[in-house]
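Take a look at the structure below.
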Amino acid sequence: MANDYRHAELRDFLRSRRGRLTPADVGLPEAGRRRTPGLRREEVAVLAGVGVSWYTWLEQGRDITVSAEVLNAISRALRLDDAERRHLFLLAGLTPPPPAATAAGSVTAELRRVMEAWMPRPAYIMNRHWNFVAVNDAARAVFGYGHTDQNCLVAYFTNERFRAMSLDWAKHAAEVVGRFRADAAQYPDDPEFERIAGELVGASPEFAEIWARHDVTNSNSAVKSIRHPDVGDLHFEALKMPLNDHPGLHLVLHNPRPGTETEARLDKLVVAHPR
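Sequential numbering from 806 applies to the sequence shown in this note's numbering.
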């Protein structure tokens, strides 16, 4: 039943995308009046570089073999946007390709307001390589991030102030590295992960030892405990959330752990570290 539903959705989706285009939209000459609006199946097949019969079977929802390359070609032929292309892949039973990463400069004022509204609790935005894209003042005051800290993973192993304050640095180091390795596996053709890890291997013996284990951790939540020199112990539940409208970016929010005095101490810390 599930396959029947998926095939029916695939058929209707392709027909609807084909029906909204005209030959002029895709650079084809008009060929007289048409009984129905939109492109013909054979026109889509030519634009995508596939056989007419094969495309017809795909649109009819038949159980045929498809590839990512062909679906990408059909996506281009039908002028699908990223959301539509992902939908096409899912209906065809394939894993959608990862979206293009959002540039750091595209962090919107709305997202920055969210981080500021989270004050006095720490928050930051990082990209898929764990580079900091935006950091609120509370995160800098709590974790000791300076303007030279450009990457969350690198800072974890090389920021001496953070390491000195962290109550459970060694306990969680392997989990942090495992999460980075799991993220890197999602982008096997992206050399930036290897570059970051390679440089950190040379800079941190602890990282080099953990990285060589090839352990993987898959979690978007963590507990962080800091012994801050100004206000004492701070305990947080950290949650990493993907920003679907900004591919490749994640918002990381830190919430005070219940049953601790973290929230009251954060208020004092923000007063002690004004902007």
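Even for Gly, the Cβ is constructed at its ideal location relative to N, Cα and C.
Excluding five sequence neighbours on each side, which residues of the same chain lie with their C-beta closer than 7 Å to the C-beta of GLY856?
Looking up residue 856 in the sequence shown gives position 51. Here the set comprises ALA850.
Please report how far the alpha carbon of PRO927 lies from the alpha carbon of PRO1063, in whole angstroms.
Residue mapping note: residue 927 aligns to position 122 of the sequence shown, counting from 1. Residue mapping note: residue 1063 aligns to position 258 of the sequence shown, counting from 1. Distance between the alpha carbons of PRO927 and PRO1063 is about 16 Å.
In this structure, how does DSSP classify VAL940 when only helix, strand and coil are distinguished?
Reading the sequence shown from its first residue, position 135 is the one you call residue 940. VAL940: strand per DSSP, three-state reduction.
Beta-carbon within less than 7 Å of ALA897's beta-carbon, same chain only, minus the 5 sequence neighbours each way: which residues are those?
In the sequence shown, the residue the question calls residue 897 occupies position 92. Only LEU815, VAL871 and LEU876 meet the Cβ criterion.
Pull up the CB-CB distance for VAL1036 and MET924, whole angstroms please, since I reckon it's below 8 Å.
Walking along the sequence shown from the start, residue 1036 turns up at place 231. Walking along the sequence shown from the start, residue 924 turns up at place 119. 15 Å between Cβ atoms; not a contact.
Could you name the residues of the same chain whose beta carbon sits closer than 7 Å to that of PHE998, not counting the 5 residues immediately before and after it, in chain order?
Within the sequence shown, numbered from 1, the residue matching residue 998 stands at position 193. Only HIS934, ALA989 and TYR992 meet the Cβ criterion.
Cα-Cα separation, GLU874 to TRP974
Here the question's residue 874 lines up with position 69 in the sequence shown. Here the question's residue 974 lines up with position 169 in the sequence shown. Between GLU874 and TRP974, the C-alpha separation is close to 44 Å.
Classify PRO1061 as helix, strand or coil using the three-state DSSP reduction.
Indexing the sequence shown from 1 puts residue 1061 at position 256. Strand, per DSSP.
Would you tell me roughly how many angstroms separate the C-alpha atoms of PHE818 and ARG881, rounded to the nearest one?
In the sequence shown, counting from the first residue as 1, residue 818 sits at position 13. In the sequence shown, counting from the first residue as 1, residue 881 sits at position 76. If I take the Cα positions, the gap works out to 15 Å.
Taking ARG822 as the reference, give the member of GLU1004, ASP886 and TRP862 with the closest Cα.
For the purposes of this step, residue 822 is taken as residue 17 along the sequence shown, with counting starting at 1. Nearest option by C-alpha distance: ASP886.
Write down the C-beta distance between ALA939 and MET920 rounded to the nearest angstrom, noting that I regard them as a contact closer than 8 Å.
Translated into positions along the sequence shown, residue 939 becomes position 134. Translated into positions along the sequence shown, residue 920 becomes position 115. Yes, they are in contact, since the Cβ atoms of ALA939 and MET920 sit about 6 Å apart, within 8 Å.
Exposed unless 16 or more other CB atoms sit within 10 angstroms - verdict on THR1067:
For the purposes of this step, residue 1067 is identified with residue 262 of the sequence shown, where counting begins at 1. Buried is the call here.
Please report how far the alpha carbon of ARG820 lies from the alpha carbon of ALA853, in whole angstroms.
Position 15 of the sequence shown, counted from the start, is the residue given in the question as residue 820. Position 48 of the sequence shown, counted from the start, is the residue given in the question as residue 853. Taking the straight line from one Cα to the other gives about 15 Å.
Cα-Cα separation, ARG984 to GLU848
For this step, residue 984 is matched to residue 179 along the sequence shown. For this step, residue 848 is matched to residue 43 along the sequence shown. Near 46 Å, if we compare the C-alpha coordinates of GLU848 and ARG984.
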